[in-house]
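Peer 1:
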Amino acid sequence: MTVIIVFFVLHWYSSAFAQSFFLHRYTSHRMFTMNKFWERFFYLFTFIAQGSSFLHPKSYALLHLQHHTHSDTEEDPHSPHFFQDVLQMMLNTKRIYEEYRLGKRKGPNKFADAIPTWDLVDRIGNSMITRLGFVAIYVAIYVIYAPSIWWFLLLPIHAIIGPLHGAFINWCGHKYGYQNFDNKDHSKNTFAIDLFFVGECFQNNHHKYPRRANFAVKWFEYDIIYPIIKLLHWTRVIRLLDPKPAAA
Ligand SMILES: [Zn+2]
Ligand SMILES: [Zn+2]
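Each residue of the sequence shown is one higher than the one before, counting from 65 in the numbering used here.
As structure tokens, this is what we get:
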């Protein structure tokens, strides 16, 4: 049982970190820079952490920038205010994500060419064989270590962990919570301390300051990824563009 709990927690947080740190804060917003070695390190980390639900970084970034440009309008790929339920919202998100991935839709941003890509990892990560291979590893771990069949109910979470995190953040982050700023959209801060989605639920703060690496703004808010970002800055793995963001 201990192995299963450790595996679940590790997978949850490594995937959430990959999405927040690499796909969102670096690939989409360039809140910090890093050299090619570290870029490839975190690219590979994202592939392994997200595993069966690996999200193609460039398509993620383009989709996400479209979300910022058109937040909570009809052009927003995943505003909860235009869909009946979270499944419809995520199906639309997937459709637009695939259009970016297949080159059928152009990026909304003039920096699109600067978004990091790694063809080999993209090809391997997007292949169905790789995705099923990761699922087989998750199942094998549960077959070996789960003390009862009920634990297998957690397996679907492992299989779709990337989009699952995205679904919660996109739906709740624009529907439930409080607002510090009037961003002319429905962005909300769902939690003051976001323990499970590593700061991503500070949508209201983030839409106000899209390139601010610390998503927490008020004294009572805490972004649990930001100390890691500062540590990576001090150890020169990354260079923060704004090492001392002003308080609001
Ligand atoms: Zn948002
Ligand atoms: Zn963003």
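Quick reminder that beta carbons are idealized off the backbone N, C-alpha and C, glycines included. Just so you know, these numbers come straight off a predicted model, no measurement behind them.
Please report the distance separating the alpha-carbon of H229 from that of F261.
Peer 2: If you number the sequence shown from 1, residue 229 lands on position 165. If you number the sequence shown from 1, residue 261 lands on position 197. Distance between the alpha carbons of H229 and F261: 7 Å.
Peer 1: In angstroms with no decimal places, state the Cα-to-Cα distance between I112 and Y90.
Peer 2: As a first step, residue 112 must be located in the sequence shown, where it is residue number 48. As a first step, residue 90 must be located in the sequence shown, where it is residue number 26. Their backbone Cα atoms lie some 18 Å apart in a straight line.
Peer 1: For Y286, which residues of its own chain have a beta-carbon under 6 Å away from its beta-carbon, when the five flanking residues on both sides are left out?
Peer 2: Along the sequence shown, one-based indexing puts residue 286 at 222. Around Y286: I257 and A280.
Peer 1: Closest to Q267 by C-alpha separation, out of W235, I293 and E103, would be which residue?
Peer 2: For the purposes of this step, residue 267 is taken as residue 203 along the sequence shown, with counting starting at 1. Out of W235, I293 and E103, W235 has the C-alpha closest to the C-alpha of Q267.
Peer 1: Less than 7 Å between the beta carbons of I188 and T194, yes or no?
Peer 2: As a first step, residue 188 is located in the sequence shown; it is residue number 124 there, counting from the start. As a first step, residue 194 is located in the sequence shown; it is residue number 130 there, counting from the start. The answer is yes: Cβ separation under 7 Å.
Peer 1: Note down, in chain order, each residue of its chain lying with its Cβ closer than 6 Å to the Cβ of G171, except the 5 sequence neighbours on either side.
Peer 2: Walking along the sequence shown from the start, residue 171 turns up at place 107. L126.
Peer 1: Quick one: Cα of Y209 to Cα of L74, how far?
Peer 2: Translated into the one-based positions of the sequence shown, residue 209 becomes position 145. Translated into the one-based positions of the sequence shown, residue 74 becomes position 10. If you take the alpha carbons of Y209 and L74, they lie about 15 Å apart.
Peer 1: Closest by CA to A204, which one among S191, V70 and L219?
Peer 2: As a working mapping, residue 204 is identified with position 140 in the sequence shown. For the residues S191, V70 and L219, the minimum Cα distance to A204 belongs to L219.
Peer 1: Starting from L305 and walking both ways along the alpha helix (DSSP H), at which residues does that stretch end?
Peer 2: Counted from its first residue, the sequence shown places residue 305 at position 241. From DSSP, L305 is part of no alpha helix (DSSP H); its letter is neither H nor E.
Peer 1: Below 8 Å on the Cβ atoms is my guess for P141 versus Q130; work out the distance and round it to an integer in Å.
Peer 2: Locating residue 141 in the sequence shown gives position 77, where the first residue counts as 1. Locating residue 130 in the sequence shown gives position 66, where the first residue counts as 1. Going by Cβ atoms, the distance from P141 to Q130 rounds to 6 Å, so yes, they are a contact pair.
Peer 1: Span of the alpha helix (DSSP H) holding C265?
Peer 2: Working through the sequence shown from its first residue, we reach residue 265 at position 201. No alpha helix (DSSP H) contains C265, which DSSP labels as neither H nor E.
Peer 1: Near ligand 2, which residues have their beta-carbon less than 6 Å from any of its heavy atoms, given in chain order?
Peer 2: H88, S92, H93, H128, H132, H270 and P274
Peer 1: Per DSSP, F96 forms a beta bridge with which residues?
Peer 2: In the sequence shown, the residue the question calls residue 96 occupies position 32. The partner list for F96 (beta bridge, DSSP) reads L304.
Peer 1: Output the boundary residues of the alpha helix (DSSP H) element that contains Q152.
Peer 2: Position 88 of the sequence shown holds residue 152. Counting along the chain, the alpha helix (DSSP H) containing Q152 begins and ends at V150 to R165.
Peer 1: Does the Cβ of S123 lie closer than 6 Å to at least one heavy atom of ligand 1?
Peer 2: To locate residue 123, count along the sequence shown from 1; it is residue 59. No - ligand 1 has no heavy atom lying nearer than 6 Å to the Cβ of S123.
Peer 1: Would L87 be called buried (16 or more neighbouring beta carbons within 10 Å of its own) or exposed?
Peer 2: As a first step, residue 87 must be located in the sequence shown, where it is residue number 23. Classification of L87: buried, given that the 10 Å Cβ count is 16 or more.
Peer 1: Within the same chain, show all residues whose beta-carbon is closer than 6 Å to that of A223, passing over the 5 residues directly before and after it, in chain order.
Peer 2: By one-based count along the sequence shown, residue 223 stands at place 159. Within the same chain, A223 has close Cβ partners S116 and V199.
Peer 1: Determine which residues share a DSSP beta bridge with I257 and list them.
Peer 2: Your numbering for residue 257 matches position 193 in the sequence shown. According to DSSP, I257 bridges with Y286.
Peer 1: Taking only the alpha-carbon atoms, compute the straight-line gap between L119 and M95 and give it to the nearest angstrom.
Peer 2: Locating residue 119 in the sequence shown gives position 55, counting from the first residue. Locating residue 95 in the sequence shown gives position 31, counting from the first residue. If you take the alpha carbons of L119 and M95, they lie about 20 Å apart.
Peer 1: Run the CB neighbour count on I225, radius 10 Å, all protein chains shown included, and call it buried at 16 or more, exposed below.
Peer 2: By one-based count along the sequence shown, residue 225 stands at place 161. With 16 or more other Cβ atoms within 10 Å, it is buried.
Peer 1: Counting only the same chain and skipping the five closest in sequence on each side, list residues whose C-beta sits under 6 Å from that of K239.
Peer 2: Taking the sequence shown and counting its residues from 1, the one referred to as residue 239 is at position 175. Apart from the 5 residues on each side of it in sequence, K239 sits with its Cβ closer than 6 Å to the Cβ of P144 in its chain, given in chain order.
Peer 1: Helix, strand or coil for Y273? Go by DSSP, reduced to three states.
Peer 2: Residue 273 sits at position 209 when you count from the first residue of the sequence shown. Three-state DSSP puts Y273 in coil, outside helix and strand.
Peer 1: Buried or exposed for A277, please, with buried defined as at least 16 other CB atoms from any protein chain shown within 10 angstroms of its CB.
Peer 2: Indexing the sequence shown from 1 puts residue 277 at position 213. That one is buried.
Peer 1: For R165 versus S123, is the C-beta spacing smaller than 7 Å?
Peer 2: For the purposes of this step, residue 165 is taken as the residue at position 101 of the sequence shown. For the purposes of this step, residue 123 is taken as the residue at position 59 of the sequence shown. A Cβ-Cβ contact shorter than 7 Å links R165 with S123.
Peer 1: Consult DSSP for N240 and reduce its assignment to one of helix, strand or coil.
Peer 2: The sequence position of residue 240 within the sequence shown is 176, counting from 1. The question names Asn, yet the displayed sequence has Tyr at residue 240. The answer is coil: DSSP assigns Y240 none of H, G, I, E or B.
Peer 1: Nearest by alpha-carbon distance to H132: which of W283, Y290 and S251 is it?
Peer 2: Walking along the sequence shown from the start, residue 132 turns up at place 68. Out of W283, Y290 and S251, S251 has the C-alpha closest to the C-alpha of H132.
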